[in-house]
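Numbering (our numbering), first residue to last: 908 to 1113.
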């Protein structure tokens, strides 16, 4: 199987990287973070590698930027302009998970955004959602713009615990063909906790 997915989220800090680690272990997939902004000594690729099987491949980032900010800002501070044409998907025979920074409208430059990168790759999206004040609005806006761009939403990830009323509203607006994965709250980032989350998916995903 040579399936590829782009993992995005409804915002920043909602658990995309931990979700990526869980999904990588579940799918036995390769992982690629095209742009890393800041935290180069503790990058998302390093965290995913730490939490998942050593047999799985981590592809190197296309851009490794020093400053912890939006890619367009961090790149500008280093005298770099990121363009979508700079990116090509890694060649692999495995399933590939591509994790984008932040949400859909994080800018890569003054004209192009993460959603444009997903279109460039022409692969389905996985949308990570977390419960917080405003998450319904952010989730529905994300789903709406993905629909407008004709980007398939293969999976919606409910990351952690949700208020029942919030969950009910979200479930009514998720596309019919999208599969839902409900991840348990992961508090300790270890291989054991990641595998426990994988076991939960295997029990519950239909």
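Glycine included, every Cβ here is placed at the ideal spot set by N, Cα and C. Please read all numbers here as calculations on a predicted model, not as lab measurements.
In the three-state DSSP reduction, residue 1004 falls in the strand class (E or B). Considering only 1071, 1101, 1089, 1026, the residue with the shortest C-alpha distance to residue 1062 is 1089. Separation of the CB atoms of residue 1005 and residue 939 is rounded to 5 Å, and the pair is thereby assigned contact status at 8 Å. Pairwise C-beta distances place the segment 950-962 out of contact with the segment 980-988, as fewer than three of them are shorter than 8 Å. Judged by DSSP secondary structure, residue 1073 falls outside any beta strand (DSSP E) and instead within the alpha helix (DSSP H) spanning 1071-1080. Excluding sequence positions up to five before and after residue 1091, its CB lies within less than 7 Å of the CB of 1104, 1107, all in the same chain and listed in chain order. Unbroken alpha helix (DSSP H) stretches of 4 residues or longer found wholly inside the segment 915-944: 923-934, given in chain order. In terms of Cα proximity to residue 991, the closest of 971, 962, 1022, 973 is 1022.
Taken atom to atom, the span from the alpha-carbon of residue 1055 to that of residue 914 is near 18 Å. Beta-bridge analysis with DSSP links residue 1044 to no other residue. Here the alpha carbon of residue 930 sits roughly 18 Å from the alpha carbon of residue 997. The beta carbon of residue 976 is closer than 8 Å to those of 944, 945, 984 in its chain, skipping five residues each way along the sequence.
Distance from the CA of residue 1025 to the CA of residue 1013, rounded to the nearest whole angstrom, comes to 12 Å. Residue state for residue 966 is assigned as strand, using DSSP reduced to three classes. In the three-state reduction of the DSSP assignment, residue 1014 falls in the strand class.
C-alpha of residue 1028 to C-alpha of residue 995: approximately 8 Å in a straight line. Shown here for residue 979: same chain residues with a beta carbon closer than 8 Å to its own, the five before and five after excluded, namely 989, 1014, 1015, 1016, 1017 in chain order. Of the candidates 923, 947, 1064, 1009, 1064 places its Cα closest to the Cα of residue 1087. The C-alpha of residue 971 is placed about 34 Å away from the C-alpha of residue 1082.
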